[in-house]
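Note sheet for the following structure.
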Amino acid sequence: QVQLVESGGGLVKPGGSLRLSCAASGFTFSDYYMNWIRQAPGKGLEWVSHISSSGTTIYYADSVKGRFTISRDNAENSLYLQMNSLRAEDTAVYYCARDRDYIWGNYRYTEGFDYWGQGTLVTVSS
Amino acid sequence: DIQMTQSPSSVSASVGDRVTITCRASQGISGWLAWYQQKPGKAPKLLIYTASSLQSGVPSRFSGSGSGTDFTLTISSLQPEDFATYYCQQANSFPFTFGPGTKVDIK
Numbered sequence: 079q080v081q082l083v084e085s086g087g088g089l090v091k092p093g094g095s096l097r098l099s100c101a102a103s104g105f106t107f108s109d110y111y112m113n114w115i116r117q118a119p120g121k122g123l124e125w126v127s128h129i130s131s132s133g134t135t136i137y138y139a140d141s142v143k144g145r146f147t148i149s150r151d152n153a154e155n156s157l158y159l160q161m162n163s164l165r166a167e168d169t170a171v172y173y174c175a176r177d178r179d180y181i182w183g184n185y186r187y188t189e190g191f192d193y194w195g196q197g198t199l200v201t202v203s204s
Numbered sequence: 040d041i042q043m044t045q046s047p048s049s050v051s052a053s054v055g056d057r058v059t060i061t062c063r064a065s066q067g068i069s070g071w072l073a074w075y076q077q078k079p080g081k082a083p084k085l086l087i088y089t090a091s092s093l094q095s096g097v098p099s100r101f102s103g104s105g106s107g108t109d110f111t112l113t114i115s116s117l118q119p120e121d122f123a124t125y126y127c128q129q130a131n132s133f134p135f136t137f138g139p140g141t142k143v144d145i146k
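If you read the sequences in order, they're chains A and B. If you want the working numbering, it's the position in the first sequence, counting the first as 1, plus 78. If you want the working numbering, it's the position in the second sequence, counting the first as 1, plus 39.
This is the structure in structure tokens:
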């Protein structure tokens, strides 16, 4: 069965760095686009970043652009989020999520996020 | 960026009730809308994609409709396990955005 397991969260000081990992299993990881989505304590969901199956196409939310870097290792079935210059407002549970996609000819569309990990908590505080 | 709004922000309902949640996009998104259910301490679960398609394994009491800017999620007969927070999300363009959520609790 499809499994996504995040790791790497923890307590970090403002301005610090952290690298999150997401280990995928139960599906052909290299076929799927992936995402990071976060949820601040008691708040709603915020999409953070998206990466294509090959890693060549990447998008970020404005709130993290220039500070966070998404990457993947298809040989290791793993997704990563390198987070630098962390701020208090980055405190959240971070989820990795698989794209459910629709392919029509040469075009590919995201329909939603069909599998999510359990999340890893990142706390930015002095 | 496309802004998503939801109404109501919360609803109190009883088992067996019909519940409707509305989601509105700040600009047209065709049918590129998904709905999620989230229970406390758990990851969100995809219920509906492309506005009206039921995700595999999701009970048929959940349905979605709409296109363009206005969408609805309907639970035809609320069950005890449906008490949760529901989010809409547009997948029309980056950055993907979520609505603020609608909490469904017990009356």
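No residue lacks a Cβ here, since even glycine has one placed at the ideal position from N, Cα and C.
query	result
Cβ contact (3+ pairs, closer than 8 Å) linking the segment 103–122 of chain B and the segment 172–180 of chain A	no
Chain B residues whose Cβ lies nearer than 7 Å to that of A/F191	L85
C-alpha distance - A/L82 paired with A/L157, whole-angstrom precision	10 Å
Chain A within 7 Å of B/Y88, Cβ atoms only	yes
Proximal residues of chain A, C-beta to C-beta of B/Y126 below 9 Å	G122 and L123
Residue-chain proximity (B/F101, chain A), Cβ-Cβ < 7 Å	no
Where the beta strand (DSSP E) through A/D192 begins and ends	Y185 to W194
Neighbourhood of A/A139 by C-beta, 8 Å cutoff - its chain only, sequence neighbours within 5 removed	E124, W125, V126 and S127
Residues, ordered as in the chain, of the segment 42–58 of chain B that lie near chain A by beta-carbon distance below 7 Å	none
Rounded C-alpha distance that separates B/R63 from A/L98	33 Å
For B/P83 and B/Y75, the rounded distance between their alpha carbons	6 Å
Inter-residue spacing [alpha-carbon to alpha-carbon] between B/G96 and A/S204	44 Å
A/V200, enclosing beta strand (DSSP E) - first and last residue	T198 to V202
Chain-ordered chain B contacts of A/Q196 [CB-CB under 9 Å]	K81 and A82
Where A/F146 falls: helix, strand or coil (DSSP)	strand
A/F107, DSSP secondary structure in three states	helix
Opposing strand residues paired with B/S34 [DSSP bridges]	Here chain B comprises residues numbered 40 to 146, so residue 34 of chain B is not present and cannot be evaluated.
Residues of its chain near A/R150, where Cβ-Cβ distance is below 6 Å and the 5 sequence neighbours each way are ignored	I129, G133 and L157
Assigned exposure category for B/Q42 - 16 Cβ within 10 Å defines buried	exposed
Where the segment 116–143 of chain B meets chain A: residues whose CB sits under 8 Å from a CB there	Y126, Q128, A130, F133, P134, F135, T136, F137, G138, P139 and G140
Whole-angstrom C-beta distance between A/Y193 and A/V80, which should lie under 8 Å	5 Å
The beta strand (DSSP E) enclosing B/L112, as first and last residue numbers	D109 to I114
Partners in chain B for A/Y173, counting only beta-carbon separations shorter than 9 Å	A82 and P83
Any beta strand (DSSP E) of 3 or more consecutive residues that is wholly inside the segment 152–181 of chain A	156–161
DSSP state of B/D144 mapped onto helix, strand, coil	strand
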